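J.:
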Amino acid sequence: GKSLKEGIDINKGLLVLGNVISALSSKKRGSKGKSQKQHIPYRDSKLTRLLKGSLGGNHKTLMIACVSPSSSNTVESISTLRYANRAKSIKNKAKINVDPASRVVNE
146 GKSLKEGIDI
156 NKGLLVLGNV
166 ISALSSKKRG
176 SKGKSQKQHI
186 PYRDSKLTRL
196 LKGSLGGNHK
206 TLMIACVSPS
216 SSNTVESIST
226 LRYANRAKSI
236 KNKAKINVDP
246 ASRVVNE
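Here the sequence shown stands for residues 146 to 252, numbered as in our numbering.
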């Protein structure tokens, strides 16, 4: 009952996270060669809403991918490496947020 629902919610969150990473890492080109705006499904799960700043916003992010040397886990290790490779191609431009009132004080 309860643990099944929890497992379903976790899998849904990870699936949506994968969709967000795929959307952020792919570059859509329009008919005239210009890049198009693409919908990023941040609102589809609580996990992606929490990670919005880290995934495509104003945060610096570190991802650690754990793989196993065991041959019985080869499929999962390859899947993890593909996932990490997609995440690696996301580029954030972090900048310092400064309140306009405090900027005057600092100058």
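Where is the CB? At the ideal position from N, CA and C, for every residue including glycine.
Remember, it's a predicted structure, so these values are computed and weren't measured experimentally.
Threshold first: 4 residues or longer. Then list the alpha helix (DSSP H) segments lying entirely within the region 151 to 218, N to C.
T.: Correct list: 191 to 195 and 197 to 201.
J.: With a CB to CB cut of under 7 Å and the five nearest residues on each side skipped, what residues in its chain are close to I185?
T.: V165, A168, L169 and G201
J.: Would you check if the distance between the CB atom of L195 and the CB atom of V161 is smaller than 9 Å?
T.: no
J.: Expressed to the nearest angstrom, what Euclidean distance is found between the alpha-carbon atoms of N242 and K197?
T.: 17 Å
J.: Using C-beta distances below 8 Å, list every residue in its chain close to T225, excluding the 5 sequence neighbours before and after it, in chain order.
T.: A210, C211 and V212
J.: Which residues in the same chain as I153 place their Cβ atom closer than 7 Å to its Cβ, once the five residues preceding and following it in sequence are excluded?
T.: none
J.: Quick check on this structure: which residue in S148, L159, T206 and N218 has the alpha carbon closest to the alpha carbon of K233?
T.: T206
J.: Rounded to a whole number of angstroms, what is the C-alpha to C-alpha distance between I155 and S190?
T.: 10 Å
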